[in-house]
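Here is the structure we will look at.
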Amino acid sequence: MIIAVDGPVAAGKGTLARRLAAELNYAYLDTGSIYRAVAARILAAGGDPQDPETAAAMARDLTPADLERDDLRREDVGQAASQVAAIPAVRAALLDFQRGFAARPPAGPGGARRGAVLDGRDIGTVVCPEADVKLFLTASVEARAERRHKELLERGEKSIYARVLQDLRERDARDSGRATAPLKAAEDAVRLDTSGMDADQAFEFAMAEIARRRDQERFQEN
Ligand code: DC
């Protein structure tokens, strides 16, 4: 089973996707971290994340160790990730890896895994249009900025709410407005507005949706 979790920055995708994967013993891929890894390598080398040739070369050279970099969650890396993600050659270079992960989820400590949860922007539309369950998470930009602001303060980083709000607006506009694989809900995605929800409520909703899909598939098999 493939579960796609898409949505804008700080809508709660990562928290939900990680928890679903743990509960179901599925493999989990945070696809944003791949774009972040490309961006982090470019910034570390003093390059320009908006230069298509530099970015595409970095994307083709990416190694699993890059996904473990400790600078991936930095705000400047997030902004640069959104820039490299708008370059079609970067997206093309990263597509096979993501599809391979979904089709053949890597084994975990308990052995083989029968499914994968991927979160990102275009999982339900481009990477895995055949996903069994597609969730599209949204929340008001103010609720998301508030969450991100709190997260940064809790990590001991400096944060100014107005600045975070401005950054999210810029990334939303770039991620939704790009020509290749823009952020948008697949037609068959189930939408969930998490503005007034906590993580437990979003999890319960998603588990109910997964159970509903499984019943449907079982019914179709019989
Ligand atoms: O989810 P995130 O904030 O870690 O993602 C960082 C950037 O990567 C985001 O602004 C857009 C891009 N991204 C993408 O274009 N497609 C994905 N599937 C995941 C992330």
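Numbering-wise, the sequence shown is residues 6 to 227 according to our numbering.
For every residue, glycine included, the Cβ atom is placed at its ideal position computed from N, Cα and C.
Query                                                                                                                                                                  : Result
Could you compute how far the alpha carbon of F208 sits from the alpha carbon of G51?                                                                                  : 40 Å
When you measure from the CB of Y33 to every non-hydrogen atom of the ligand DC, does any distance come out below 7 Å?                                                 : no
Is it buried or exposed, I39, if we count other Cβ atoms within 10 angstroms and call 16 or more buried?                                                               : buried
Evaluate Q171 with the Cβ neighbour count: other Cβ atoms within 10 Å of its Cβ, from every protein chain shown; 16 or more gives buried, anything less gives exposed. : exposed
Does DSSP put T20 in a helix, a strand or coil?                                                                                                                        : helix
Pop quiz: D11 and A190 are said to be a contact at Cβ under 8 Å. What is the actual Cβ separation, rounded to whole angstroms?                                         : 7 Å
Can you find the residues in the same chain that come closer than 6 Å, C-beta to C-beta, to L142, ignoring five residues on each side of it along the sequence?        : G12, A16, G17, K18, L197, T199
Check whether the stretch 54-61 and the stretch 85-93 are in contact - that is, three or more C-beta pairs closer than 8 Å.                                            : yes
Have a look at A45, A22, R23, A32 and flag the residue whose alpha-carbon is nearest the alpha-carbon of E80.                                                          : A45
Below 7 Å, is the gap between the Cβ of V14 and the nearest heavy atom of the ligand DC?                                                                               : yes
For A9, which of helix, strand or coil comes out of DSSP?                                                                                                              : strand
Which ranges does the beta strand (DSSP E) cover as unbroken runs of at least 3 residues, wholly within the stretch 155-202, from first to last along the chain?       : 195-198
So, with DSSP's three-state summary, where would you put Y31?                                                                                                          : coil
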